[in-house]
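Trainee: Protein chains in written order, with this note's numbering: chain A, 17 to 128; chain B, 8 to 121.
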């Protein structure tokens, strides 16, 4: 069965700190790994990663995938209170079983 | 572009009652997915529609759950009769046909069975 494990489960840091969120996975028929941010309601898309070693960046957020070791990290630099959210990692499979397998998420709290 | 719309946003029902959740995907999205998050657990896949056809319903927990997508537009998820363990947040997502898939999620329906 496909599996995604995120760590830590929760994290509390001060504004301005840098955080690293981890995601490891086991999945057959891997297509991509996705990161989402969930504040109050709908998970919102952050990154899609398909190739190893290529960093994706968006402002203060960045992410990278290692397909050999089966993990990904999400970095947030110079954190702000608006970064407080649950960060979800999901792995997409394909070939007739197209679906996302999610981890439990990391709850990030930024203290002003 | 309007997003994925789900309603109701909250529903509280008694055990044994019936509840119907609705999802309106982004217009033109052939793929529609239902997911569920129960307390303390990860979001889990329920099923996948391509237009009006069920592509994969391997995640549906049991036959008390019935999903439909008439005409390939909006979808409904009916729970009948509801049990306490059905409580959770039900998310709908949609994507277009092409690759890579861009999944857009709705805000979810929080279902509480008492």
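For every residue, glycine included, the Cβ atom is placed at its ideal position computed from N, Cα and C.
Comparing C-alpha positions only, which one of 14(B), 44(B), 15(B), 21(B) sits nearest to residue 119(A)?
Mentor: Of 14(B), 44(B), 15(B), 21(B), the residue nearest in Cα terms is 44(B).
Trainee: Would you mind stating whether residue 66(A) and residue 90(A) have Cβ atoms separated by less than 9 Å?
Mentor: No; because the gap between Cβ atoms is not below 9 Å, this pair is not in contact.
Trainee: Closer than 7 Å between beta carbons: that is the criterion. Which residues of the region 25-52 of chain A meet it against chain B?
Mentor: Correct list: 48.
Trainee: Checking 9 Å against the spacing of the C-beta atoms, do residue 99(B) and residue 79(B) come in under that value?
Mentor: It is not a contact, given that the beta carbons lie outside the stated cut-off.
Trainee: When burial is assigned at 16 or more other CB atoms within 10 Å of the CB, is residue 59(A) buried or exposed?
Mentor: Per the 10 Å Cβ criterion, buried.
Trainee: Cα separation between residue 19(A) and residue 62(A)?
Mentor: Between residue 19(A) and residue 62(A), the C-alpha separation is close to 20 Å.
Trainee: Answer yes or no: do residue 24(B) and residue 97(B) have a C-beta to C-beta separation smaller than 9 Å?
Mentor: For residue 24(B) and residue 97(B), no; Cβs fall outside 9 Å.
Trainee: Examine chain A for any beta-carbon lying closer than 9 Å to the beta-carbon of residue 65(B), and answer yes or no.
Mentor: Cβ-Cβ to chain A under 9 Å: yes for residue 65(B).
Trainee: Please identify the residue among 126(A), 32(A), 84(A), 52(A) whose C-alpha is closest to the C-alpha of residue 74(A).
Mentor: Looking at the Cα atoms, 52(A) is the closest of the given residues.
Trainee: Would a check of beta-carbon distances place residue 116(A) closer than 9 Å to chain B?
Mentor: Taking Cβ atoms only, chain B reaches closer than 9 Å to residue 116(A), which makes this a yes.
Trainee: Can you give me the start and stop residues for the beta strand (DSSP E) that residue 127(A) sits inside?
Mentor: Here the beta strand (DSSP E) through residue 127(A) covers 122-127.
Trainee: What residue from 70(B), 47(B), 40(B) has the CA that sits closest to residue 59(B)'s CA?
Mentor: When only C-alpha atoms are compared, the closest one is 40(B).
Trainee: Consider the Cβ of residue 89(B): report whether some Cβ of chain A lies at a distance smaller than 9 Å.
Mentor: So, not an interface residue.
Trainee: What I want to know is whether the C-beta of residue 25(B) ends up closer than 8 Å to one or more non-hydrogen atoms of the ligand NAD.
Mentor: No copy of the ligand NAD occurs in the structure displayed, which carries no ligand at all.
Trainee: Could you list the residues in the region 55-85 of chain B with a C-beta less than 8 Å from some C-beta on chain A, going in chain order?
Mentor: Taking 8 Å as the Cβ-Cβ cut-off against chain A, the residues of the region 55-85 of chain B that qualify are 55, 62, 63, 65, 66.
Trainee: List the endpoints of the continuous beta strand (DSSP E) containing residue 64(A).
Mentor: Residue 64(A) -> beta strand (DSSP E) spans 60-65.
Trainee: Who are the Cβ neighbours of residue 74(B) in its own chain at under 8 Å, not counting the five residues just before and after it?
Mentor: Excluding positions up to five away in sequence, the list reads 41, 53, 54, 56, 61, 64, 67, 82, 83, 84, 85.
Trainee: Apart from the five residues on each side of it in sequence, which residues of its chain come closer than 8 Å, Cβ to Cβ, to residue 22(B)?
Mentor: Closer than 8 Å at the Cβ level, and outside the excluded window around residue 22(B), lie 88, 89, 90, 91, 120, 121.
Trainee: Where residue 105(A) and residue 39(A) are concerned, what is the direct C-alpha to C-alpha distance, given to the nearest angstrom?
Mentor: Straight-line Cα distance between these residues: approximately 6 Å.
Trainee: Report the residue from 110(A), 128(A), 92(A) whose alpha carbon sits nearest the alpha carbon of residue 122(A).
Mentor: When each option's Cα is compared against that of residue 122(A), the closest is 92(A).
Trainee: Does any residue of chain B have a CB that is nearer than 9 Å to the CB of residue 84(A)?
Mentor: Output row for residue 84(A): interface = no.
Trainee: Confirm, please, whether the CB-CB distance from residue 103(B) to residue 37(B) is below 9 Å.
Mentor: Yes, the Cβ-Cβ distance between residue 37(B) and residue 103(B) is below 9 Å.
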